[in-house]
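Here the structure is laid out as structure tokens; the discussion comes afterwards.
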Amino acid sequence: MGVSKTSKATIFLGFLWLNLFQSVVGRFVVEKNSLRVVSPDVIKGTYDSAIGNFGIPQYGGSIPGTVVYPKENRKGCRNFEDSGTSFKSKSGAMPTFVLVDRGDCFFALKVWNAQNAGAAAVLVADDVDERLITMDSPEADGSSAKYIENITIPSALIEKSFAEKLKKVVNAGEMVNVNLDWREAVPHPDDRVEYELWTSSNDECGFKCDMLMKYVKDFKGAAQILEKGGYTQFTPHYITWYCPQAFTVSKQCKSQCINHGRYCAPDPEQDFSSGYEGKDVVVENLRQLCVFKVANETNKPWVWWDYVTDFQIRCPMKEKKYNKECADTVIKSLGLDSRKIEKCMGDPNADEDNPVLKEEQDAQIGKGTRGDVTILPTLVVNNRQYRGKLEKGAVLKAICAGFEETTEPAVCLSDDVETNECLDNNGGCWQDKAANITACKDTFRGRVCECPVVDGVQFKGDGYSSCTASGRGRCKLNNGGCWHHTQDGHTFSACVDNEEGKCSCPPGFKGDGVKSCEDIDECREKKACQCPECSCKNTWGSYECSCSGELLYIRDHDTCISKRAREVKSAWAAVWAILIGLAMAGGGAYLVYKYRLRRSGLLWHNICRWTAKAKSKITSTRIMLEIDIVMPPDIQNEVQMLPSRWKILSVIILLRIWMKWQIQLPSVSDKETEGISLGSG
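Mapping of the sequence shown onto mature numbering (1 follows the signal peptide of the UniProt record, and there is no 0): residues -26 to -1, 1 to 655, in sequence order.
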């Protein structure tokens, strides 16, 4: 039967881990704290205990308590509350330390169950005579991840011989008072703390990767305050190992290693046939090391925290962005020299040592009081490995415990840790300096890059490299981020004030609408003014077209026509306007006749009768202009009673009646017209 790809991957990873332990696990140091028994006198004294690598140890402090050994569920693998057991301290009593036996379940589960029952700390009794070991959290699955993350009490493993003494005294009914002390767990020689974090860029390793990423994001602000103030010296490290010589040419080794098997990392998904490969992790680890080195050369080593957190946010494996292109965008946003970083990284395909990674492998071996680094992640403070939950508050306590007494910085004496990261390089976020708009928002934990809302206009984008105004009113804000230019007294803009928020070059221009819009030469590209009689001249954003001779250019039709033809057209237009005006006047007269003058029918009858009689006696001019002289008194009085506008209208209508009847009016001499004036109506 053949061996599956998964089985081959497991076997190969086994070889890699075996090689790792042979090469770096030469001396594992168990970090201890002091456990001092105050009473009874029969067991009074100080004993060693191994700090658990979960929960929150009280670095720099101590906790007094009373030891309780439960009658049931003594291994702590079940919920104590199911049996009605509670370890909650009564008012005024000392906290309860629960003693449980080793075995049958994970250390972390024992501590979790005791914490839920009210315990202040947990002591785990070893069941074999051996040197103390470190209680680590298990590889978290869906069920264990929840309780591991929420353990907040400290725990410690004690030797079997000491545990037997404790049990004997407690079972005899005596009160056992102890004191867990972490004040000497971290050396504190001077006013500066040196600490390092052994980490990995792999974000697909489950609970521990999630915990590590959360810690880096949460602790970044405090770390940068301490570093900028000169209180600490931080150094990041990355674990790698080499591929056994017998496997350097294998497919598995080539996919997990760089530099011909010298520097390797396990496959993120533990599946060689899909997803990212171990060598991808090694390359990104190398890049992050070089980011730190280049930033350190510019006296800004704290920029490493910015790069790592931004890379986690912007370039996750789940979104298939874990690559060089995404990393380069983060490097650019932080103002780092990408050429120096590339030079630092070297050639991952070269058959030679990489100085940066070779130094990392050497550093994995313990020196002095610090043991070999085998647990990932691992925090080392003043050359002592930190044990406990990798959490901002707990780590800050451990670091502050490393300062010589009275030399602690203010951050160690206050719960508030605040820094405005937007003041330094705009926090690596997008900004528009011309409009004084930024995507950087300072927060308690650091900063976030989020496109803003300005004067009711929402900017959209990733907040790091781009933010574009969108929606109505966007053109009022720095022209919506679009191209605009003024020349020869004319201003053109590519901003279109609509919901889409796109930039489009205006008519007469071509380009992307954002960075540039170039004038279109309509004459050269033959897009306008192409008739035989046309003469074209290009202008900025438009063109001028003229015609030869007496011709006139019509822009809408791109043609030349005769001015005479245009005049004829204009004359006909005037004629039509007059005809339409007369038609409207006739319609108006009809309406007046229908609604107003019908009431005065008798008046018009008299006027017409009088007009016929006066035909041979007076001129039409006198009829219109001197009504009060030639009209009979009865008709004159009726006309005078009409409003002013009806007087004028009646004269006009009278004239039209005369024209219809074709009355032959005699000519009027200058003498006859002397003294003629408007009537008094």
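C-beta atoms are modelled at their ideal positions from N, C-alpha and C, and glycine is treated no differently.
Excluding the 5 residues flanking it on each side, residue 18 has same chain C-beta neighbours closer than 6 Å at 11, in chain order.
Looking from the CA of residue 286, the closest CA among 187, 192, 378, 350 belongs to 187. Under DSSP, residue 469 forms a beta bridge with 477. Residue 452 has no beta-bridge partner at all, per DSSP. Taking all protein chains shown into account, residue 23 has 16 or more neighbouring C-beta atoms within 10 Å of its C-beta and is therefore buried. DSSP places residue 503 outside any alpha helix (DSSP H), giving it a letter other than H or E. As a beta-bridge residue in DSSP terms, residue 167 pairs with 206. Under a 10 Å Cβ-count criterion, residue 162 is classified as buried, with 16 or more other Cβ atoms of the shown protein chains found around its own Cβ. When DSSP states are grouped into helix, strand and coil, residue 358 belongs to the strand group. Contact check for residue 167 against residue 373 passes: the beta carbons are separated by less than 8 Å. A direct Cα-to-Cα measurement between residue 130 and residue 210 gives close to 28 Å. For secondary structure counted as the alpha helix (DSSP H) over 4 or more consecutive residues, the segment 363 to 440 holds these complete runs in sequence order: 366 to 374. By the Cβ neighbour-count rule, residue 492 is exposed, with fewer than 16 other Cβ atoms within 10 Å of its own. Contact annotation: the segment 446 to 459 touches the segment 468 to 483, with at least three C-beta pairs closer than 8 Å. A straight line joining the alpha-carbon of residue 135 with that of residue 141 spans about 10 Å. From the listed residues 99, 105, 50, the smallest Cα separation to residue 89 is found for 50.
Residue 507 carries a coil assignment under DSSP once its states are collapsed to helix, strand and coil. Taking residue 504 as reference, the option from 532, 143, 400 with the minimal CA-CA separation is 532.
Listed in chain order, the non-local C-beta contacts of residue 200 below 6 Å within the same chain comprise 206, local neighbours out to five positions each way being set aside. Annotation: the continuous beta strand (DSSP E) that includes residue 491 extends over 491 to 493.
Residue 564 sits exposed, since fewer than 16 C-beta atoms from the chains shown fall within 10 Å of its C-beta. For the pair residue 25 and residue 362, the Cα-to-Cα distance works out to about 7 Å. Three or more beta-carbon pairs separated by less than 8 Å link the segment 287 to 299 to the segment 246 to 264, which places the two stretches in contact. Excluding its 5 nearest sequence neighbours in each direction, residue 325 has C-beta neighbours in its own chain below 6 Å: 234, listed in chain order.
When DSSP states are grouped into helix, strand and coil, residue 154 belongs to the strand group.
For residue 189, the secondary structure class from DSSP, reduced to helix, strand or coil, is helix. For residue 125, there is no enclosing alpha helix (DSSP H), as DSSP marks it with neither H nor E. In this structure, residue 319 and residue 261 form a Cβ contact; the two beta carbons are roughly 6 Å apart against a cut-off of 8 Å. Closest by C-alpha distance to residue 159, out of 552, 176, 8, 367, is 8.
Counting other Cβ atoms within 10 Å of its Cβ, residue 550 stays below 16 and is therefore classed as exposed. Where residue 71 is concerned, the enclosing beta strand (DSSP E) starts and stops at 70 to 75.
Rounded to the nearest whole angstrom, the CA to CA distance from residue 515 to residue 265 is 48 Å.
Within its own chain, the residues whose Cβ lies closer than 6 Å to the Cβ of residue 449, once the five positions on either side in sequence are excluded, are 469, 471, listed in chain order. Restricting attention to 222, 45, 243, 246, the CA atom closest to the CA of residue 236 is found in 222. At the C-beta level, residue 95 and residue 385 stay beyond 8 Å of one another. For residue 281, no beta strand (DSSP E) segment is defined; the enclosing uninterrupted segment is the alpha helix (DSSP H) at 277 to 288.
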